[in-house]
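As structure tokens, this is what we get:
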């Protein structure tokens, strides 16, 4: 019997041993690619949003220039529905296979949260927060080490079994009950969805949660969510198919924010001529202002609001300030417009415009260097920065502050469970809030003493009549909008806006706030993995 | 088919057939680590360029092509490297002991001495049992080229093996006839 050459060769071929690493390698490669795709997708969206923003910005510039009153009263900006869609602020994939990776990601995440209040002043952008995904190590080091250690130790120690021992939902009275045995409060149950076997645990220390673990059946994943603000409101978990892929994702509402204040106060503004040197000071002080406002009670916020002024030359200074730090090389063309717009809304002082131009240029350099350090791909960072032209505008035009009273700000986390990896993305509510704010404008008609609201350039609702004592002697200053968030799990959240008109008395320069009885409500829904603004009523 | 669905089905295809791809890669590069590298590179490239994929039907051939191209590319690089090594052979003091890893070299070499395009046809046709049409798709050539390559490869091998197996030539003949029948039916 003569042997069959090919049969033998084929057998040999089939006997080629498959190494164990193959499966792992394939999975990791696929997971890595998915991560990459997610990042690219974010960058694309942001770029698209950036360019739309630039166009809208130009339109606004014209509007601002054509009407003095308009320029003064706008609470502004763009937003077409598509822009309003989904700005995912940060997102990362957590590989279950490589749990260790998670720990290396944590500091980055923390850095994000840290950056948020600093960078996201006009929070449409959140640009740096996004690139913060690939944030450098430096800010990480500033993180209180011991907290991280505590959480790390906890992570090393916990198992699904140990998690399951904790069955009582956390309440603040547990602090008293377990005063003698604080170790019982080390792991607390924050939220659960028993029918889906989903529960969220927190690493609890000194009344704060500095890390969480999401347990789904017998698998779990750690997240570095800092939790627990003064309200002690617990997170909410629900399940919904947010991206329409037929599989349910876990949606977690975190009431973890600190109140933010977008007001720009008088003290922060410098005369136009000094704007160049004042830029940094301007930025930092407004940040500080925000912080102090954040910690202050909401009634105090009002006071700060009252202090705010629409002094035009100072406003212009503010423009250049914001422009400079925010503009990018990509939108340099727009930058110049910003400068011009600023100066014209000031209606005088060409010097301011010039400063605006040059400083915008410098700013572009500055921000691009910043980007190189903060993200490993400058490409990604550039389109992200495209948006801020919007934000710069935002602050400038709304010389009246947009403020958030002492409510819990929040994040919505969407966690999709896939076989080989979980992906978590967070949607920042700030974005949507300011986008809506930007769509609103108000104009005060002195003859009829009414305020007309505009939404996307269209008159919105009936003109509101205003009357108060000494109205004859008062000059209209601004409309303040204070959004209040109300979460409705599964579908999304509502934003309710409290409004007030601000007048200043010409003699005494005293501010008068007139609450406007207009119920403005925006509904924002989760759809296709992103938030979409549905209705504004 | 949406892009996302295409991507997902590509991932599924890769994960499900990973052993097949690894074998193919190993067959060419004859080294475990290298074969893993080749498969990994192939997956990366495929996932990066999945948008170029026209349809789901084309996916299997398309991905197989990437695996084979990656393998051959690896071999080309390797060849360069070895050539460089050989020029420095005096310095290496005979550290190159490749033959020792291939105890059955006398059989393997008969196929591996063929030009690579013929090797590919042999591997796909005899080991993976692909039809000639499929081979044409995978190698991105037309059917006649595949046929002539297979025929030439068999002839070459036949000459080599003639002394060992007289039946072999007739087997090649059968195989070729079968292949031709197949292709006629398909056309």
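Residue numbers (our numbering), protein chains in the order written: chain A, 38 to 574; chain B, -18 to 168.
All C-beta atoms, glycine included, are put in the ideal place defined by N, C-alpha and C.
For clarity, every value in this text was computed on a predicted model and none was experimentally measured.
Q. With 16 other CB atoms within 10 Å as the buried threshold, where does residue 662/A fall?
A. No information on residue 662/A is available, as it lies outside the stretch 38 to 574 that chain A covers here.
Q | Beta-carbon separation (whole angstroms), residue 9/B vs residue 52/B, contact threshold 8 Å | A | Indexing the second chain from 1 puts residue 9/B at position 28. Indexing the second chain from 1 puts residue 52/B at position 71. Yes, residue 9/B and residue 52/B are in contact; Cβ-Cβ is about 4 Å, under 8 Å.
(Q) Just to confirm, is the Cβ distance from residue 105/B to residue 134/B under 8 Å? (A) Within the second chain, numbered from 1, the residue matching residue 105/B stands at position 124. Within the second chain, numbered from 1, the residue matching residue 134/B stands at position 153. No, Cβ-Cβ distance for residue 105/B and residue 134/B is not below 8 Å.
Q) Within 10 angstroms of its Cβ, does residue 121/B collect 16 or more other Cβ (buried), or is it exposed? A) Taking the second chain and counting its residues from 1, one reaches residue 121/B at position 140. Residue 121/B is exposed by the Cβ-count criterion.
Q) Comparing the C-beta of residue 60/A with each C-beta of chain B, is any distance below 8 Å? A) For the purposes of this step, residue 60/A is identified with residue 23 of the first chain, where counting begins at 1. Cβ-Cβ to chain B under 8 Å: yes for residue 60/A.
Q) residue 71/A to residue 547/A, Cα distance in whole Å? A) In the first chain, counting from the first residue as 1, residue 71/A sits at position 34. In the first chain, counting from the first residue as 1, residue 547/A sits at position 510. Those two C-alpha atoms are separated by around 57 Å.
Q) Which value, in whole angstroms, describes the spacing of the CA atoms of residue 49/B and residue -10/B? A) As a position in the second chain, residue 49/B is number 68, starting the count at 1. As a position in the second chain, residue -10/B is number 9, starting the count at 1. The alpha-carbon atoms of residue 49/B and residue -10/B are separated by roughly 20 Å.
Q: Grab me the residues of residue 231/A's own chain with a C-beta within less than 7 Å of its C-beta, minus the 5 sequence neighbours each way, in chain order.
A: Taking the first residue of the first chain as position 1, residue 231/A is located at position 194. Once the five neighbours on either side are set aside, residue 231/A has no close Cβ partner at all.
Q) Cα-Cα, which of 35/B, 31/B, 101/B, 56/B is closest to residue 132/B? A) What you label residue 132/B is simply residue 151 of the second chain in a count that begins at 1. Considering only alpha carbons, the answer is 101/B.
Q) Could one say the Cβ of residue 231/A lies closer than 8 Å to chain B's Cβ atoms, at least one of them? A) Within the first chain, numbered from 1, the residue matching residue 231/A stands at position 194. With 8 Å as the cut-off, residue 231/A does not count as an interface residue toward chain B.
Q: Sort 116/B, -16/B, 130/B by Cα distance to residue 78/A and report the nearest one.
A: On the first chain, residue 78/A is found 41 positions in, with the first residue counted as 1. Answer by Cα proximity: -16/B.
Q: List the residues of chain A that residue 35/B touches, going by C-beta distances under 8 Å, in chain order.
A: Taking the second chain and counting its residues from 1, the one referred to as residue 35/B is at position 54. Within chain A, no residue comes near residue 35/B; the closest Cβ sits about 20 Å away, beyond 8 Å.
Q) Are the C-beta of residue 108/B and some C-beta of chain A separated by less than 8 Å? A) Working through the second chain from its first residue, we reach residue 108/B at position 127. Closer than 8 Å: yes.
**Q.** Of the listed residues 228/A, 54/A, 552/A, 214/A, nearest to residue 291/A (C-alpha basis)
**A.** Here the question's residue 291/A lines up with position 254 in the first chain. Among 228/A, 54/A, 552/A, 214/A, the Cα nearest to that of residue 291/A is on 228/A.
Q.
Given a cut-off of 8 Å on the beta-carbon distance, is the pair residue 19/B and residue 6/B in contact?
A. Stepping through the second chain from its first residue, residue 19/B is reached at position 38. Stepping through the second chain from its first residue, residue 6/B is reached at position 25. Yes, the Cβ-Cβ distance between residue 19/B and residue 6/B is below 8 Å.
Q: Tell whether a beta-carbon distance below 8 Å holds between residue 226/A and residue 194/A.
A: The residue given as residue 226/A occupies position 189 in the first chain. The residue given as residue 194/A occupies position 157 in the first chain. No, these two residues do not count as a Cβ contact at 8 Å.
Q | Distance, residue 65/A Cα to residue 103/B Cα | A | Within the second chain, residue 103/B is the residue found at index 122, counting from 1. Within the first chain, residue 65/A is the residue found at index 28, counting from 1. Those two C-alpha atoms are separated by around 32 Å.
Q: Flag residue 46/A as yes if its beta-carbon sits less than 8 Å from any beta-carbon of chain B, otherwise no.
A: Residue numbering aside, residue 46/A sits at position 9 when the first chain is read from its first letter. Yes, because at least one Cβ of chain B sits closer than 8 Å to the Cβ of residue 46/A.
(Q) Please classify residue 111/B as buried or exposed, where buried requires at least 16 neighbouring CB atoms within 10 angstroms. (A) Here the question's residue 111/B lines up with position 130 in the second chain. By the neighbour-count rule (16 or more Cβ atoms within 10 Å), residue 111/B is buried.
**Q.** Cut-off 7 Å between Cβ atoms - residues of its own chain near residue 81/A, not counting five sequence neighbours on either side
**A.** Working through the first chain from its first residue, we reach residue 81/A at position 44. Result list for residue 81/A: empty, nothing under 7 Å.
Q.
Taking the alpha carbon of residue 259/A as the reference point, which residue from 489/A, 517/A, 197/A, 48/A has its own alpha carbon closest?
A. Residue mapping note: residue 259/A aligns to position 222 of the first chain, counting from 1. That would be 197/A, whose Cα lies nearest to the Cα of residue 259/A.
Q.
Mapping the DSSP letters down to three states, classify residue 54/B as helix, strand or coil.
A. Taking the first residue of the second chain as 1, we reach residue 54/B at position 73. Residue 54/B: helix per DSSP, three-state reduction.
Q.
Quick check on residue 213/A: does DSSP put it in helix, strand or coil?
A. The count along the first chain starts at 1 and reaches residue 213/A at position 176. In the structure shown, residue 213/A sits in a helix (DSSP, three-state: H, G or I).
Q.
Quick check on this structure: which residue in 509/A, 512/A, 484/A, 510/A has the alpha carbon closest to the alpha carbon of residue 500/A?
A. What you label residue 500/A is simply residue 463 of the first chain in a count that begins at 1. Selected option, being the one with the closest Cα: 484/A.
Q.
Run through chain A and tell me which residues come within less than 9 Å of residue 10/B, C-beta to C-beta.
A. Here the question's residue 10/B lines up with position 29 in the second chain. Ordered by position in chain A, no residue passes the 9 Å Cβ test against residue 10/B, which lies about 11 Å from the chain.
(Q) Check whether chain B comes within 8 Å of residue 57/A, counting only Cβ atoms and requiring the distance to be less than that. (A) In the first chain, the residue the question calls residue 57/A occupies position 20. Closer than 8 Å: no.
Q: Can you have a look at residue 157/A and say buried or exposed, based on whether 16 or more other CB atoms are within 10 angstroms of its CB?
A: Start at 1 with the first residue of the first chain, and residue 157/A comes out as number 120. Confidence at residue 157/A is low in this model, with a pLDDT of 34, below 50, so its placement is unreliable and the value that follows should be read with caution. The residue in question, residue 157/A, is buried, as its Cβ has 16 or more Cβ neighbours within 10 Å.
Q) Looking only at C-alpha atoms, which of 62/A, 509/A, 488/A, 253/A sits nearest to residue 10/A? A) Outside the shown range of chain A, which is 38 to 574, sits residue 10/A, and nothing can be said about it.
**Q.** Neighbour-count burial assignment, residue 261/A, 16 or more Cβ in a 10 Å radius
**A.** Sequence index remark: in the first chain, residue 261/A carries index 224 (1-based). Its Cβ being crowded by 16 or more others within 10 Å, residue 261/A is buried.
(Q) According to DSSP, residue -14/B sits in a beta bridge with which residue or residues? (A) On the second chain, residue -14/B is found 5 positions in, with the first residue counted as 1. None; residue -14/B has no bridge partner.
Q. The beta strand (DSSP E) with residue 198/A in it runs from where to where?
A. Your numbering for residue 198/A matches position 161 in the first chain. Not the beta strand (DSSP E): residue 198/A falls in the alpha helix (DSSP H), residues 197 to 202.
**Q.** Partners in chain B for residue 50/A, counting only beta-carbon separations shorter than 8 Å
**A.** Against the first chain, residue 50/A aligns to sequence position 13. Chain B residues near residue 50/A: 4, 8, 104, 108.
Q: Determine the DSSP secondary structure at residue 482/A, reduced to helix, strand or coil.
A: Here the question's residue 482/A lines up with position 445 in the first chain. Note: residue 482/A maps to strand in three-state DSSP.
Q | Short CB-CB distance (under 8 Å) between residue 50/B and chain A | A | Position 69 of the second chain, counted from the first residue, corresponds to residue 50/B. For residue 50/B, the answer is no, since every Cβ of chain A falls outside 8 Å of its Cβ.
Q) For the beta strand (DSSP E) that residue 258/A lies in, which residues bound it at each end? A) The count along the first chain starts at 1 and reaches residue 258/A at position 221. Taken as a continuous stretch (DSSP letters only), the beta strand (DSSP E) holding residue 258/A covers 256 to 260.
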